[in-house]
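**Student:** This is the structure I want to talk about, given as structure tokens.
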Amino acid sequence: MFNPRPIKKSNKDEGEKPFWISYADLMTACMTLFLVVMAVTIVMLKKKYETQDTAVKAREATISACAKDLQSIADQRFSGQARIEYSKGDAIRIDLGSIVKFEDGKHRINSEASKFLRDYIPTVLSTVKNNQCKQFFRRVIVEGYTSKTGNYMTNLDLSLKRSKEVVCELAKTDADGTGGLSLDDKNQVKSLFLVGGFSFNSQKRSDEESRRAELKLEFWQLGDDKKRREESSINLSGKDFGVCPSLTY
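Position 81 of the sequence shown, counting from 1, maps to 81 under the UniProt record's numbering, and the rest follow consecutively.
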């Protein structure tokens, strides 16, 4: 008898198989998921950077306000004797050169400058520890400088002696036994003050102005929490403040 003629499947039937439809849906779903993940990631990163930017600006505003407070106190109580320098950095500088002056090749401080330091330093400590500054305040570095006269190593030694002399004066009192730092102030000096000599690496307009001492107030960076905890755990309140040897350095 007659054999039935096989029906040839068209390409149209191949294209309409459920497999291809499911594959297309899967690719669409994957692309949609990718876009959703990207959108969420972008939003999270934006929020993170906005938070960091806000924190950075808040820190800068705090340090700037601290500098203004220090300048206000200097203007009111120590007019012309201390100059505050700050411009969006990590530190506030206090130039003591107008009153804490050094003779050429010398590191000794006269009695007027000594009394000034014992009056002024406690106000600095009070300002940075008792207002919003304390949120970021870390330490004070006393920096000594020299003029260009002489060689580098000699001036390095001399500048270190000058910075050390500033701290040594804080252990003294007036002739009648008054005018010394309180026990609390001395404890803060022990914990917060470092000294450094910088030879002739930072010159002023004249040699006389270059022979000076400066206070550099440093502040914690954002994210320094671990270092901060480590340093705050060190207690030096039980150590004697002492006095500097008068003729041995």
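Note that the Cβ used here is the ideal one computed from N, Cα and C, for glycine as well.
Every value quoted in this text rests on a predicted model; they were computed, and no experiment measured them.
1) Spell out a yes or no on whether the segment 144-151 and the segment 192-204 are touching, meaning 3 or more CB-CB pairs, one atom from each, closer than 8 angstroms.
2) Between the Cα of Asn187 and the Cα atoms of Ser237, Val36 and Thr123, which residue gives the shortest distance?
3) I'd like to check one pair, Phe136 with Thr32: are the Cβ atoms closer than 8 angstroms?
4) Is it the case that the segment 114-127 contacts the segment 173-192, given that we only count it when at least three CB pairs across the two stretches are under 8 angstroms?
5) With DSSP as the reference, label Ile109 as helix, strand or coil.
6) In the DSSP output, what is Val128 paired with across the bridge?
7) Please say whether Val166 and Ala91 have beta carbons closer to each other than 8 angstroms?
8) Have a look at Lys46, Lys216 and Val189 and flag the residue whose alpha-carbon is nearest the alpha-carbon of Asn235.
9) So is Leu183 buried or exposed if we call it buried at 16+ other beta carbons inside 10 Å?
10) Of the residues Leu222, Arg228 and Phe241, which one's Cα is nearest the Cα of Glu60?
11) Do Ile109 and Ile94 have their C-beta atoms within less than 8 angstroms of each other?
12) Fully enclosed by the segment 197-245, which alpha helix (DSSP H) runs are 4 residues long or longer?
**Tutor:** From the atom records:
1) yes
2) Taking the first residue of the sequence shown as position 1, residue 187 is located at position 187. Nearest of Ser237, Val36 and Thr123 to Asn187, Cα basis: Ser237.
3) Residue mapping note: residue 32 aligns to position 32 of the sequence shown, counting from 1. Residue mapping note: residue 136 aligns to position 136 of the sequence shown, counting from 1. For Thr32 and Phe136, no; Cβs fall outside 8 angstroms.
4) yes
5) Along the sequence shown, read from residue 1 onward, the residue named residue 109 stands at position 109. If DSSP states are grouped into helix, strand and coil, Ile109 belongs with coil.
6) In the sequence shown, the residue the question calls residue 128 occupies position 128. For Val128, which the question treats as bridged, DSSP gives no partner whatsoever.
7) Within the sequence shown, residue 91 is the residue found at index 91, counting from 1. Within the sequence shown, residue 166 is the residue found at index 166, counting from 1. Going by C-beta atoms, Ala91 is not nearer than 8 angstroms to Val166.
8) Start at 1 with the first residue of the sequence shown, and residue 235 comes out as number 235. The shortest Cα separation from Asn235 among Lys46, Lys216 and Val189 belongs to Val189.
9) Indexing the sequence shown from 1 puts residue 183 at position 183. Result: exposed.
10) Sequence index remark: in the sequence shown, residue 60 carries index 60 (1-based). Nearest C-alpha to Glu60: Leu222.
11) As a position in the sequence shown, residue 109 is number 109, starting the count at 1. As a position in the sequence shown, residue 94 is number 94, starting the count at 1. Their beta carbons are not under 8 angstroms apart, which means Ile109 does not touch Ile94 by this criterion.
12) 207-210 and 225-232
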